[in-house]
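Notes follow once the structure below has been shown.
Numbering (full-length UniProt numbering), first residue to last: 1 to 607.
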């Protein structure tokens, strides 16, 4: 069974914490007035005029508006919107731009990017994600930096917000308009390898990358690059006035904030990587990056390779040609007989069939899995036969790890109890399409491949036939039918969402029962504590009474001591008075004795 595309049902109310808001302030992302707009009660993004939808985990990994031309071209070539990319994919792009500008001394090189990275669908066999539905991964055959990405970024899809477009009056440097229901189409550019010319032009860059990785004592790592662009306070994915090889330190015009404190920087590096608290965060790079203080050497090669921008061509050109330097694939001018399907084993190594070394089947790395279950999807039947050639359909490539060929007008999967019955001619089942002429008759009989049901559905829609009487318009082009199809596709997501909600409700009831039991235990503990408190209060009152008696005794003792001291003072006063009287009496006695003696002496002399 093909995976269900949740579409708009995947969105829910934004849940941004105060900690997230404070982090954005520290990073300087919200320092400008009205730079960010936080959602209120809406469960589906409706950005105001001049704003685009983004995520907290994208912003802390180097994203800011207006976006870098390299990122804008990448989204254009891959046919993606920002919400289609996972946080780890955003970090891959930030590290690549920092590597090119600060350590290779060149603009972000599109040919080098194609040599290192490819895109794959993110999801499970039962669900195809729209938010974070595409993962950017390192090719299994490429020796690249170990970025130490986390296995999953929990809850990032619920932390969406609006960021202001500084140049919302013009298209350049702006983020593509938001469309949360836009389906993700697998394109040839996802697996496109660099051409021989591009490989030759980037050999020096690849050699320099290997040198940065392997120079003894000066090994450069992905964590060092991550910590460097966070430490500079320059957002790699923002359109800037100067590249990082002209970084001027604290006075750089592209800085968003002052230097982060060491603890904040280490916390942020651990948040966006798989480093634990025990792992050390590098405080500097072992290789000195290019900057205004360490300028580029003279005659430094200027290797320019930019991805195509929206102004360079129409949609058909975008999906067929993967970049500016690649010529149109040879299958455009080939007859139908000679073209092989993307899954055919007889196809040669051409632009329409990725070589086995590049195929992501069975070669997923552990650090590429992000916020999803298994990424392996249902295999497509390789025995399908191609019908009349259409350039747009040829751009939507099927591969062994792709779940289903997505098309714009094919009726989405509906439940068996809610099958769309637009007319008696519609076929009831997983997918519905109006009756068309037999597609097998339009295919050359010399083709060795059997007709594919999925290709048949596509051809019946692309090749119009009269429907509903004399009307020449396809049934699925009718606006009412499209609305019914959209509602049917949303119903599946709502049904799955409802089942998940029921599970969450059951878990909530269990938690409520557990909390009720804990509440009863807390109530018993409270009563016991009150009893202990009352006993303690009685003991305290008794002790207080005893303390009062002790205070009275102390007061009586003090009064007795005071009375004793007063008595002693009075006794001393009396003793001093007695001494004075004794002294005065002694003086009188002495005076009387002296006078009597003088009288006696005088009488004797007279005689």
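For every residue, glycine included, the Cβ atom is placed at its ideal position computed from N, Cα and C.
(Q) Quick check for students: name the residue ranges of the alpha helix (DSSP H) that lie wholly in the region 129–208, counting only runs of 4 or more. (A) The region 129–208 contains, as complete alpha helix (DSSP H) runs of 4+ residues, the segments 196–201 (chain order).
Q) Based on the DSSP secondary-structure assignment, which residues constitute the bridge partners of residue 54? A) For the purposes of this step, residue 54 is taken as residue 54 along the chain shown, with counting starting at 1. 161, per the DSSP bridge assignment.
Q: Compute the Euclidean distance between the alpha carbons of residue 677 and residue 578, then round it to the nearest angstrom.
A: Outside the displayed range of the chain (1 to 607) lies residue 677, so it cannot be described from this structure.
Q: Evaluate contact between the region 282–302 and the region 67–87, counting only Cβ atoms and requiring at least three cross-stretch pairs below 8 Å.
A: No, they do not touch.
Q: Verify whether the separation of the beta carbon atoms of residue 180 and residue 44 is less than 8 Å.
A: The residue given as residue 180 occupies position 180 in the chain shown. The residue given as residue 44 occupies position 44 in the chain shown. Yes, these two residues count as a Cβ contact at 8 Å.
Q: Tell me whether the beta-carbon of residue 35 lies closer than 8 Å to the beta-carbon of residue 164.
A: Here residue 35 is taken as the residue at index 35 of the chain shown, counted from 1. Here residue 164 is taken as the residue at index 164 of the chain shown, counted from 1. Yes, Cβ-Cβ distance for residue 35 and residue 164 is below 8 Å.
Q) From what residue to what residue does the beta strand (DSSP E) around residue 121 run? A) Residue numbering aside, residue 121 sits at position 121 when the chain shown is read from its first letter. Annotation for residue 121: the continuous beta strand (DSSP E) segment containing it runs 117–121.
Q.
Judging by CA-CA distance, which residue of 133, 197, 304 and 115 is the nearest neighbour of residue 107?
A. Within the chain shown, numbered from 1, the residue matching residue 107 stands at position 107. Of 133, 197, 304 and 115, the residue nearest in Cα terms is 304.
(Q) Taking DSSP's pairing of strands, which residues face residue 21 in a bridge? (A) Locating residue 21 in the chain shown gives position 21, where the first residue counts as 1. Beta-bridge pairing links residue 21 to no other residue.
Q) Between the C-alpha atoms of residue 277 and residue 41, what's the straight-line distance to the nearest angstrom? A) Numbered from 1 along the chain shown, position 277 holds the residue referred to as residue 277. Numbered from 1 along the chain shown, position 41 holds the residue referred to as residue 41. Residue 277 and residue 41 have their C-alpha atoms roughly 36 Å apart.
Q: Consult DSSP for residue 269 and reduce its assignment to one of helix, strand or coil.
A: Taking the first residue of the chain shown as position 1, residue 269 is located at position 269. Here residue 269 sits in helix by DSSP.
Q.
So, does the region 62–79 touch the region 199–214, judging by three or more C-beta pairs under 8 Å?
A. No, they do not touch.
**Q.** DSSP bridge partner residues for residue 37 (one or two, in chain order)
**A.** Within the chain shown, numbered from 1, the residue matching residue 37 stands at position 37. Its beta-bridge partners are 162.
Q. Quick one, which of 132, 541, 189 and 192 has its alpha-carbon nearest residue 58's?
A. Reading the chain shown from its first residue, position 58 is the one you call residue 58. Measuring from the Cα of residue 58, the nearest candidate turns out to be 132.
Q: Return the CA-CA distance between residue 563 and residue 581, expressed in angstroms with no decimal places.
A: Residue 563 sits at position 563 when you count from the first residue of the chain shown. Residue 581 sits at position 581 when you count from the first residue of the chain shown. Their backbone Cα atoms lie some 27 Å apart in a straight line.
Q) Taking Cβ positions, are residue 149 and residue 223 nearer each other than 8 Å? A) Position 149 of the chain shown, counted from the start, is the residue given in the question as residue 149. Position 223 of the chain shown, counted from the start, is the residue given in the question as residue 223. The answer is no: Cβ separation not under 8 Å.
Q: For residue 307, count neighbouring Cβ atoms within 10 angstroms of its own Cβ and tell me buried if that reaches 16, exposed if not.
A: If you number the chain shown from 1, residue 307 lands on position 307. By the 10 Å Cβ count, residue 307 comes out buried.
Q: Find out if the Cβ-Cβ distance for the pair residue 60, residue 272 is shorter than 8 Å.
A: Along the chain shown, one-based indexing puts residue 60 at 60. Along the chain shown, one-based indexing puts residue 272 at 272. Their beta carbons are under 8 Å apart, which means residue 60 touches residue 272 by this criterion.
Q) How would you call residue 33, buried or exposed, if buried means at least 16 neighbouring beta carbons within 10 angstroms? A) Within the chain shown, the letter at position 33 stands for residue 33. A residue is called buried when at least 16 other Cβ atoms come within 10 angstroms of its Cβ; residue 33 does not meet this threshold and is exposed.
Q: Would you check if the distance between the CB atom of residue 160 and the CB atom of residue 53 is smaller than 8 Å?
A: For the purposes of this step, residue 160 is taken as residue 160 along the chain shown, with counting starting at 1. For the purposes of this step, residue 53 is taken as residue 53 along the chain shown, with counting starting at 1. Using a Cβ distance threshold of 8 Å, residue 160 and residue 53 count as a contacting pair.
Q | Length of the line joining the Cα atoms of residue 94 and residue 227 | A | For the purposes of this step, residue 94 is taken as the residue at position 94 of the chain shown. For the purposes of this step, residue 227 is taken as the residue at position 227 of the chain shown. If you take the alpha carbons of residue 94 and residue 227, they lie about 11 Å apart.
Q) Below 8 Å between beta carbons: does that hold for residue 309 and residue 72? A) The residue labelled residue 309 in the question sits at position 309 within the chain shown. The residue labelled residue 72 in the question sits at position 72 within the chain shown. A distance below 8 Å separates the beta carbons of residue 309 and residue 72.
(Q) Would residue 233 and residue 28 be called neighbours here (beta carbons separated by less than 8 Å)? (A) Mapped onto the chain shown, residue 233 falls at position 233. Mapped onto the chain shown, residue 28 falls at position 28. Yes.
Q. Thinking C-alpha only, which one of 55, 31 and 237 is nearest residue 13?
A. Residue numbering aside, residue 13 sits at position 13 when the chain shown is read from its first letter. Minimum Cα distance to residue 13 is reached at 55.
(Q) On the CB-based measure, 16 or more other CB atoms within 10 Å of its CB, does residue 17 come out buried or exposed? (A) The residue labelled residue 17 in the question sits at position 17 within the chain shown. Residue 17 should be labelled exposed.
Q) Helix or strand or just coil, what does DSSP make of residue 29? A) Here residue 29 is taken as the residue at index 29 of the chain shown, counted from 1. In the structure shown, residue 29 sits in coil (DSSP, three-state: anything other than H, G, I, E or B).
Q. If we ignore side chains and look at the alpha-carbon of each, how far apart do residue 195 and residue 208 end up?
A. Working through the chain shown from its first residue, we reach residue 195 at position 195. Working through the chain shown from its first residue, we reach residue 208 at position 208. For residue 195 and residue 208, the distance between alpha carbons rounds to 20 Å.
Q | Presumed contact (8 Å Cβ cut-off) between residue 97 and residue 212, rounded CB distance | A | Numbered from 1 along the chain shown, position 97 holds the residue referred to as residue 97. Numbered from 1 along the chain shown, position 212 holds the residue referred to as residue 212. About 15 Å separates the CB atoms of residue 97 and residue 212; that is not less than 8 Å, and the two are not in contact.
Q | Same chain, Cβ closer than 8 Å to residue 240, neighbours up to 5 away in sequence not counted | A | Residue 240 sits at position 240 when you count from the first residue of the chain shown. Closer than 8 Å at the Cβ level, and outside the excluded window around residue 240, lie 68, 234 and 254.
Q) For residue 67, does the three-state DSSP call read helix, strand or coil? A) The residue labelled residue 67 in the question sits at position 67 within the chain shown. Strand, per DSSP.
Q | Short Cβ contact (8 Å threshold) for residue 26 with residue 264 | A | Here residue 26 is taken as the residue at index 26 of the chain shown, counted from 1. Here residue 264 is taken as the residue at index 264 of the chain shown, counted from 1. Result yes, Cβ atoms of residue 26 and residue 264 sit closer than 8 Å.
**Q.** Option nearest residue 193 by Cα separation, candidates 561, 111 and 591
**A.** For the purposes of this step, residue 193 is taken as residue 193 along the chain shown, with counting starting at 1. Closest option to residue 193, Cα to Cα, is 111.
Q) With DSSP run on the structure shown, which of helix, strand or coil describes residue 238? A) As a working mapping, residue 238 is identified with position 238 in the chain shown. Here residue 238 carries a strand assignment [DSSP, helix/strand/coil].
Q: For residue 258, count neighbouring C-beta atoms within 10 Å of its own C-beta (all shown protein chains included) and say buried if the count is 16 or more, exposed if not.
A: Your numbering for residue 258 matches position 258 in the chain shown. Exposed, because fewer than 16 other Cβ atoms sit within 10 Å of the Cβ of residue 258.
Q) Are the CB atoms of residue 220 and residue 109 nearer to each other than 8 Å? A) Here residue 220 corresponds to residue number 220 of the chain shown, with the count starting at 1. Here residue 109 corresponds to residue number 109 of the chain shown, with the count starting at 1. Contact: no.
**Q.** Coarse secondary structure for residue 281, derived from DSSP in three states
**A.** In the chain shown, counting from the first residue as 1, residue 281 sits at position 281. In the structure shown, residue 281 sits in coil (DSSP, three-state: anything other than H, G, I, E or B).
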